[in-house]
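What follows is a single structure, written as structure tokens, with notes after it.
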Amino acid sequence: MPGLVVIGAQWGDEGKGKIVDLLTEHADVVVRFQGGNNAGHTLVVGGKKIILHLIPSGILHRNKICVIGNGVVIDPKVCVEEIEAVKKRGFLRSDRQLMISDRAHVIFPYHRIIDQLREASKGEAKIGTTGRGIGPAYEDKAARRGIRMGEIIDPPLLRKRLKDILPERNRYITAILGGQALPEGEIFSAYAAWGRKLKKYVCDGSEFLQNAVEKGRRILFEGAQGTSLDLDYGTYPFVTSSNTVGASSCVGSGVGPRAVTDLWGVSKAYSTRVGAGPFPTELFDGLGESLREKGGEYGSTTGRPRRCGWLDLVVLRHAVKINGLTGLVVTKLDVLSGLKSIKVCTGYRLRGGLLKTLPSRVEDLADCRPVYEELPGWTEDISGIRMLKRLPPRVKGYLKFVEKHLKCPVVLVSAGPDREQHILLKKPF
Ligand code: IMP
Numbered sequence: 283m284p285g286l287v288v289i290g291a292q293w294g295d296e297g298k299g300k301i302v303d304l305l306t307e308h309a310d311v312v313v314r315f316q317g318g319n320n321a322g323h324t325l326v327v328g329g330k331k332i333i334l335h336l337i338p339s340g341i342l343h344r345n346k347i348c349v350i351g352n353g354v355v356i357d358p359k360v361c362v363e364e365i366e367a368v369k370k371r372g373f374l375r376s377d378r379q380l381m382i383s384d385r386a387h388v389i390f391p392y393h394r395i396i397d398q399l400r401e402a403s404k405g406e407a408k409i410g411t412t413g414r415g416i417g418p419a420y421e422d423k424a425a426r427r428g429i430r431m432g433e434i435i436d437p438p439l440l441r442k443r444l445k446d447i448l449p450e451r452n453r454y455i456t457a458i459l460g461g462q463a464l465p466e467g468e469i470f471s472a473y474a475a476w477g478r479k480l481k482k483y484v485c486d487g488s489e490f491l492q493n494a495v496e497k498g499r500r501i502l503f504e505g506a507q508g509t510s511l512d513l514d515y516g517t518y519p520f521v522t523s524s525n526t527v528g529a530s531s532c533v534g535s536g537v538g539p540r541a542v543t544d545l546w547g548v549s550k551a552y553s554t555r556v557g558a559g560p561f562p563t564e565l566f567d568g569l570g571e572s573l574r575e576k577g578g579e580y581g582s583t584t585g586r587p588r589r590c591g592w593l594d595l596v597v598l599r600h601a602v603k604i605n606g607l608t609g610l611v612v613t614k615l616d617v618l619s620g621l622k623s624i625k626v627c628t629g630y631r632l633r634g635g636l637l638k639t640l641p642s643r644v645e646d647l648a649d650c651r652p653v654y655e656e657l658p659g660w661t662e663d664i665s666g667i668r669m670l671k672r673l674p675p676r677v678k679g680y681l682k683f684v685e686k687h688l689k690c691p692v693v694l695v696s697a698g699p700d701r702e703q704h705i706l707l708k709k710p711f
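Here it is, written out as structure tokens:
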């Protein structure tokens with residue numbers, strides 16, 4: 283019963299969508315287990331771009347089942363639109379290919395409004411959220427006032443839940459945040475309509491997955507965001523509101539930890555971050571800008587320019603340990619081509635001392651100064667290369683350096699956006 287978890291090892295946007303898409307060929311089932319439409323997984327197939335926010339990136343393969351697990355928070359409007367868009371492109375021909383957990387929590391307009399009003403009121407101190415209501419939806423789940431997918435497909439139950447919950451949320455919006463109360467009737471009609479459209483996909487996802495595990499099906503668990511955005515292990519409070527680490531794959535899909543046999547972390551060959559929060563290797567000069575332009579580093583969900591910097595092995599070492607990674611996937615290696623030399627951060631200087639681990643307090647991380655090692659760059663175009671032995675020696679040297687420092691093998695290398703532009707070094711299942 284092989285299960286492979288693929289998670290982000292940095293601050294998200296590592297290229298997990300492409301990796302999950304290409305690994306789906308080897309899997310039977312793909313499941314998303316956390317996050318929501320704050321994620322944007324960009325896939326390029328046959329030169330054409332598709333961005334998925336909720337549906338697992340495996341949907342582009344016929345005959346593979348995709349599950350949106352209970353750990354995901356779902357904006358049903360986005361979900362319906364995404365299903366329609368994917369169908370329009372000729373995918374998801376059979377509705378049986380997609381399942382949505384009845385236990386997944388639903389994002390309501392009051393979640394989005396609370397997210398946006400709070401951010402606006404924070405000014406300089408804002409987190410830079412995606413404004414999609416993700417945090418407030420997870421808050422409601424923990425506060426036991428959430429509404430789940432199994433409820434929006436049942437109109438009387440949806441009406442009852444809204445009656446119980448909305449007045450209190452409206453009081454919070456008006457009295458504390460200075461916003462406008464939301465009308466219950468409109469929300470009910472819209473959500474009942476989306477519920478009707480989604481009903482055929484809603485089921486006990488966990489039971490399906492448990493059976494799949496028992497039958498020895500190959501399951502690919504698709505993470506969203508990245509380890510440094512994890513609610514517990516990221517750069518708190520500049521994090522997302524779910525656990526993005528590999529262990530979350532079980533809770534967010536409803537299978538036991540024995541279903542997981544491997545965990546691969548995805549990292550770009552450099553670093554990026556969207557939104558606020560400390561980023562020790564950030565580049566503020568022309569080099570940062572050229573990485574942004576060459577790597578197309580603009581958010582696939584919000585279009586915001588991503589902050590760019592050198593690869594940070596402290597961040598990655600943390601990811602290797604916290605996730606228990608068995609493999610590292612390095613993406614966007616081609617973006618580094620043409621640089622004379624490449625810096626890699628191997629530790630931090632903090633108040634005179636040398637740190638090799640990530641401090642838990644964000645104030646300390648903000649004071650950390652990166653300690654760099656400089657490696658020779660390469661000029662060759664590596665985007666078409668499909669075999670490790672064809673990679674120029676300096677590229678191999680870069681990968682070896684990373685492997686040695688992380689004590690984690692590189693299992694897959696991606697150089698270029700297209701599905702075919704990769705070198706797979708280890709069998710995924
Ligand atoms: P939220 O998830 O919308 O609450 O945003 C919290 C933080 O996580 C912000 O800094 C966002 O920019 C960041 N974030 C959320 N989702 C993603 C993602 O998919 N990629 C990169 N950053 C993300």
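Numbering of the sequence shown is given in my numbering, commencing with residue 283 and proceeding in unit increments.
Where a beta carbon is used, it is the ideal one built from N, C-alpha and C, also for glycine.
Predicted, not measured: the structure shown is a model, and the values here were computed from it.
The ligand IMP heavy atom lying under 8 Å from the CB of residue i
i: Q507; result: yes
i: D295; result: yes
i: F390; result: no
i: F520; result: yes
i: N320; result: yes
i: G591; result: no
i: S339; result: no
i: V556; result: yes
i: T324; result: no
i: I409; result: yes
i: G405; result: no
i: R694; result: Here residue 694 is Leu; the residue named in the question, Arg, does not match the sequence. No, Cβ of L694 sits at least 8 Å from all heavy atoms of the ligand IMP.
Exposure label - residue i; buried when at least 16 CB within 10 Å
i: Q379; result: buried
i: L336; result: buried
i: K614; result: buried
i: D663; result: exposed
i: E575; result: exposed
i: M669; result: exposed
i: F566; result: exposed
i: T661; result: exposed
i: D377; result: exposed
i: S623; result: exposed
i: L448; result: buried
Beta-carbon separation (whole angstroms), residue i vs residue j, contact threshold 8 Å
i: A419; j: I389; result: 5 Å
i: V349; j: G487; result: 5 Å
i: L694; j: V611; result: 4 Å
i: I333; j: R371; result: Going by Cβ atoms, the distance from I333 to R371 rounds to 12 Å, so no, they are not a contact pair.
i: T522; j: I416; result: 6 Å
i: R631; j: V602; result: Wrong, their Cβ atoms sit about 22 Å apart, outside the cutoff.
Selection from the options that minimises the alpha carbon distance to residue i
i: G285; options: V326, A309 and G620; result: A309
i: V287; options: E575, S510 and I501; result: I501
i: A424; options: E433, K300, V355 and R643; result: V355
i: G461; options: Q398, G508 and K330; result: Q398
i: V313; options: A321, V326, I341 and R633; result: I341
i: K709; options: E307, G538 and D295; result: E307
i: G534; options: G317, L440 and F711; result: G317
i: M431; options: R631, R385 and V327; result: R385
i: T517; options: V537, P560 and G329; result: P560
i: E685; options: A697, L632, R651 and L607; result: L607
i: K298; options: L707, P699 and F711; result: P699
i: L618; options: T563, A697, P587 and R631; result: A697
i: L706; options: I667, K689 and L688; result: I667
i: V362; options: R701, V484, Y392 and R426; result: V484
i: C650; options: S665, R633 and L657; result: R633
Rounded straight-line distance, which links the Cα of residue j to that of residue i
i: Q292; j: R478; result: 38 Å
i: G659; j: K625; result: 9 Å
i: V302; j: T456; result: 42 Å
i: P691; j: Y680; result: 13 Å
i: K404; j: T411; result: 12 Å
i: E468; j: G353; result: 27 Å
i: N493; j: Y552; result: 40 Å
i: R344; j: L374; result: 7 Å
i: D436; j: V596; result: 48 Å
i: T554; j: T324; result: 16 Å
i: G428; j: D594; result: 37 Å
i: Y580; j: I395; result: 24 Å
i: K346; j: G547; result: 22 Å
i: G294; j: K330; result: 22 Å
i: L640; j: L647; result: 7 Å
i: E296; j: P438; result: 42 Å
i: R443; j: I434; result: 9 Å
i: G351; j: S524; result: 13 Å
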